[in-house]
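Written below as C-alpha cells is the structure these notes are about.
Protein chains: 2
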Amino acid sequence: MDRRQQKTRKAIFSALSNLLEQKRFECITVQEIIDEADIGRSTFYAHFETKDDLLKEMCTDIFHHIFAERLPQEADSDHMEGSANLELKLGHILYHLKENKCNLKGILEGESGELFLYFLKGYLCDLFIRYKDDFPCDIPEDFLLHHLAASFSEAVKWWMREDTRHSPEEVAAYYMAMIRTQNRK
Amino acid sequence: MDRRQQKTRKAIFSALSNLLEQKRFECITVQEIIDEADIGRSTFYAHFETKDDLLKEMCTDIFHHIFAERLPQEADSDHMEGSANLELKLGHILYHLKENKCNLKGILEGESGELFLYFLKGYLCDLFIRYKDDFPCDIPEDFLLHHLAASFSEAVKWWMREDTRHSPEEVAAYYMAMIRTQNRK
DNA sequence: AAATTACAGAACATAGTGTTCTTTATCATA
DNA sequence: TATGATAAAGAACACTATGTTCTGTAATTT
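Those protein sequence lines, which keep their order, are chains A and B. Heads up, our numbering is the position in the first sequence plus 4, with the first residue counted as 1. Heads up, our numbering is the position in the second sequence plus 4, with the first residue counted as 1.
The structure is reproduced here in C-alpha cells:
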C-alpha cells in the first residue's frame, strides 16, 4: 500500500475521531470530515464509498485491533473457573476500550454498536457457552447469549456516558454480580 | 382540535407505520410518507417540524398509550412479592407491545429506543427499586437500574427480531430468570 | 351566511451527496 | 536519476432530499 494512501486513510480516521468528540456521527457531514482531514473531495470518495462505509471500516479496525490482536496476547486463564475467567477477560476488553474512548464515544449507540456486539459475541461465545451451565436450562440458548452480550454492551455504554469514572475491573465486577444467577444447577 | 387535523395526523402516523414494515426509519423519505399518506407537502410540515419530530411524537403516543393508559388499568398486584409483581407487569408490557408490533418493528433500534427506555424506567422505577434489595449493595444504584431496564429493552428487541414467536409470559419469565441473582442478602 | 382554518399544489432556495474531469505532485523501480 | 504509474487537489456537475412560501380551494366552526 502506497505511503500516500496510508497517510490519507489515517488522516480521515483521525478527522472522524476528532469530530466524534464534538458531535454524534449522524450530525457530521462528509464536507466536515474532508475539511478536518484537509484532503480533496475526490480523495475521500476514492477511499470510501460513503460516510457509513467509513464508520464501518474504522470500527472494524478498532474492534479487530482489540479482539484479534491485543486480547489474545494476554495471559491465558483457561485454568480458572468459568466465571472468574469471564470476569478477567471482560476487564481486559474494558481496559482496551478505555484506550479508544475518544473514538468510541458516540459510536456505540448507532449502527456500529451492532458491530461491537458482533465482535463481542464472536470473541466471548465459547466463554459464554461454558458459563451457560450456571443458568437454568429452560432458557433458550440464543436468548441467553444475546442477553449476556447485549447486557455487557449496555454496561459499556453506561460506563462511557459516566466518562469512565469507574475502573475497568469495577465495571466487570458489577456486571458479573448482575449476571451471577440464583438458579445454579 | 379540528377533525381535519386529526384525520391528517392519523393518516401520517398510519403511513409511517406501513412504511416501517418494509424498511428502517432512516431509509424512509418525507416524500414517501407524503405519498403514502396522500397529503400535500406543506400539510406535512404544518404538522411536524421534521421527520425525526414525527417519529418522536408517534412513539410518544404509542408508549404513552401503553404506559399511562393501558397498564395502570390492569389488576394491581402490590400484595405480591416484588419479583412476582415485576414479572407480571413486564408480561403486560410485552403483551401491549405485541399489539403494536407493526409499529415497533425497526423502531426500537434507533433513537426511539431511548424513548422506550425512558418510559420503561419511569414506569418501573419504583418496582425496580423495591426489587433492588435482592442485589448486592455494593453495586451503584444507577448501574443496577440501567442494567435492569436496558436488559429488558434488549429482551424486547430480541423478541421482536424473533417475530414474537414466544409468548409475552415466556419472555418475561426468561428475563426474570436472567436477573434473579445469586447474591440475596 | 361569514369568518376562520386546514389543505393541495407548485415553485423555490438550500444543503448534502457522489461523480467526473484535468492538472499537479509523489511514489516505486529500473 | 529518469520515467512510467499512481494518488491527490480542486473545480464543476447532476442529483436527491429538505424545508419554506405562496395562492387558490375546500371544510369547519360560530
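Every residue, glycine too, gets a C-beta built ideally from N, C-alpha and C.
- The shortest CA-to-CA distance from A:I183 to any of A:P76, A:R28, A:L20, A:A88 is the one to A:A88.
- Scanning A:M84, A:I133, A:K161 for the CA closest to the CA of B:E118 turns up A:K161.
- Bridge pairing for B:T185: A:T185 [DSSP].
- One Cα belongs to A:L58, the other to A:F139, and the distance between them is close to 40 Å.
- Nearest neighbour of A:Q26 by Cα position, chosen from A:L92, A:T185, A:N107, A:E78, turns out to be A:N107.
- Taking a Cβ-Cβ cut-off of 8 Å, B:P172 has no neighbours in chain A, whose nearest Cβ is about 14 Å from it.
- From the beta-carbon of A:T185, the residues of chain B found nearer than 9 Å are A181, M182, I183, R184, T185, Q186.
- Within chain A, the residues whose beta carbon sits less than 8 Å from that of B:E158 are H150, H151, A154, S155, E158, listed in sequence order.
- In chain order, W162, Y178 make up the part of chain B whose C-beta sits under 7 Å from the C-beta of A:F147.
- Within chain A, the C-beta atoms nearer than 8 Å to that of B:I143 come from Y178, A181, M182, in chain order.
- In the structure shown, B:M164 adopts helical secondary structure according to DSSP, grouped into three states.
- Segment contact: the segment 98 to 113 of chain A against the segment 61 to 73 of chain A, three or more CB-CB distances shorter than 8 Å; contact assigned.
- Apart from sequence neighbours up to five positions away, the residues of its chain that approach B:E173 with a beta-carbon distance below 7 Å are G95, ordered along the chain.
- In this model, B:W163 and A:D130 are separated by some 23 Å (Cα to Cα).
- Under the 8 Å criterion on CB atoms, A:P140 is classed as interfacial with respect to chain B.
- Excluding its 5 nearest sequence neighbours in each direction, B:M84 has C-beta neighbours in its own chain below 8 Å: L92, listed in chain order.
- At a Cβ-Cβ threshold of 8 Å, B:A153 and B:K125 count as neighbours.
- Note that the C-beta distance between A:S157 and A:L121 is below 8 Å.
- Proximity to B:E145 across A:F52, A:C141, A:Q35, A:V175 peaks at A:V175, based on C-alpha coordinates.
- Straight through space, the alpha carbons of A:E78 and B:K109 are spaced by roughly 41 Å.
- Per the coordinates, the alpha-carbon of A:A177 lies some 29 Å from the alpha-carbon of B:E115.
- By the CB criterion at 8 Å, A:L20 and A:I37 fall inside the cutoff.
- Classified as exposed, A:Y49 has fewer than 16 neighbouring CB atoms from the shown chains inside 10 Å of its CB.
- Rounded to whole angstroms, the gap between the alpha carbons of B:D65 and A:E113 is 24 Å.
- Apart from the 5 residues on each side of it in sequence, B:A15 sits with its Cβ closer than 6 Å to the Cβ of A41 in its chain, given in chain order.
- Using a Cβ distance threshold of 8 Å, B:T12 and B:T47 count as a contacting pair.
- Contact between B:F132 and B:L149 holds, with the beta-carbon distance rounding to 6 Å and staying under 8 Å.
- By the C-beta density criterion, A:C31 is exposed, having fewer than 16 other C-beta atoms within 10 angstroms.
- At least 8 Å separates the beta-carbon of A:I111 from that of A:F52.
- A:G86 is a Cβ neighbour of A:R134, given a cutoff of 8 Å.
- A:M62 counts as buried, since no fewer than 16 other beta carbons sit within 10 angstroms of its beta carbon.
- Between B:I143 and A:A181 a beta carbon distance of about 6 Å is seen, short of the 8 Å cut, so the two are scored as contacting.
- Within the model, the alpha-carbon separation for B:M5 versus B:Q35 is close to 25 Å.
- In the DSSP annotation of this structure, the continuous segment of the alpha helix (DSSP H) that includes A:R8 starts and ends at 7 to 26.
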